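One structure below.
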Amino acid sequence: IIELREGPFDAGILAELTERIATPGDGAVVGFLGRTRETPGTPAPGEEAEAARHAGRSVEALDYEAFDAMAVAVLEEIADEIAARFDVHRLGIVHRTGTVPLGDASIAVVAAAAHREAAFDAARYAIDETKARAPIWKAERFADGHVWIGHPARTGPG
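Read in order, the letters of the sequence shown correspond to residues 1239 to 1396 in the working numbering.
This is how it looks when you write it as structure tokens:
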């Protein structure tokens, strides 16, 4: 399951994805929920001065933009890599777009597998590669401005 959602979702998405992907043969289901936090992240190249202007302030929200078709294609590539590397074929990645307020969920990952090691490995790979490669851009919003966050995207697996 690969989805970009404009609307909000909460921790219940982990149960929703589990119900949609897990089978009786799965002895492990690993879920990950990424949420908007109040502390700033690493500014994107060229955003250092703007980040310094907001130093010591709390993040109020995150704004996500995506190149939808390409983002879905990259997430599908990641899912294919997970199947090849970890033999995990039941995976859900749901990422928000638009504004995500403080404390709200922005990404959910669920991996189901016969054994826990594969499920953990698949879930970690899914979140790490999504953050590193998917054309989904994040800006931290402050009371009087925003800062784009992150490193330049990689084009292949790490």
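Beta carbons are placed, not taken as given, at the ideal position from N, Cα and C, and that holds for glycine.
A quick note: this is a predicted structure, and the numbers were derived from the prediction, not measured.
Paired residues, beta bridge with residue i - DSSP
{"i": "ASP1301", "result": "THR1337 and ALA1377"}
{"i": "VAL1347", "result": "PHE1270 and ILE1331"}
{"i": "ILE1387", "result": "PRO1281 and LYS1376"}
Exposure label - residue i; buried when at least 16 CB within 10 Å
{"i": "HIS1389", "result": "exposed"}
{"i": "SER1296", "result": "exposed"}
{"i": "PHE1247", "result": "buried"}
{"i": "PRO1281", "result": "buried"}
{"i": "GLU1367", "result": "buried"}
{"i": "ALA1293", "result": "exposed"}
{"i": "ARG1291", "result": "exposed"}
{"i": "VAL1258", "result": "Per the sequence shown, the amino acid found at residue 1258 is Arg instead of Val. Exposed is the call here."}
Boundaries of the alpha helix (DSSP H) in which residue i is found, first to last residue
{"i": "ARG1362", "result": "1354 to 1371"}
{"i": "ASP1318", "result": "1306 to 1324"}
{"i": "ARG1291", "result": "1286 to 1291"}
{"i": "GLU1254", "result": "1250 to 1259"}
Opening and closing residue of the beta strand (DSSP E) in which residue i lies
{"i": "ILE1240", "result": "1240 to 1243"}
Residues near residue i by beta carbon distance below 6 Å, same chain, minus five either side
{"i": "GLU1288", "result": "VAL1385"}
{"i": "VAL1267", "result": "THR1256, ALA1260 and ALA1350"}
{"i": "GLY1284", "result": "none"}
{"i": "VAL1347", "result": "PHE1270, ILE1331, ALA1361, ALA1364 and ILE1365"}
{"i": "GLY1279", "result": "ILE1387"}
Sequence-distant residues of its chain with Cβ nearer than 7 Å to residue i (five each side left out)
{"i": "GLU1314", "result": "ILE1240"}
{"i": "ALA1299", "result": "THR1274, THR1337, VAL1338, PRO1339, LEU1340 and ARG1379"}
{"i": "ASP1359", "result": "PHE1324"}
{"i": "MET1308", "result": "PRO1373"}
{"i": "ASP1342", "result": "PRO1246, ARG1273 and THR1274"}
{"i": "ASP1382", "result": "none"}
Whether residue i touches residue j by CB criterion (9 Å)
{"i": "ALA1391", "j": "ALA1357", "result": "no"}
{"i": "ALA1317", "j": "ILE1331", "result": "yes"}
{"i": "LEU1459", "j": "ILE1374", "result": "Nothing in the structure corresponds to residue 1459, since the chain is present only between 1239 and 1396."}
Minimum Cβ-Cβ distance from residue i to chain C less than 9 Å
{"i": "PRO1281", "result": "No chain C is present in this structure, which holds just one protein chain."}
Sequence-distant residues of the same chain with beta carbon closer than 8 Å to residue i, five excluded per side
{"i": "ILE1320", "result": "VAL1326, LEU1329, ALA1349, ALA1360, TYR1363 and ALA1364"}
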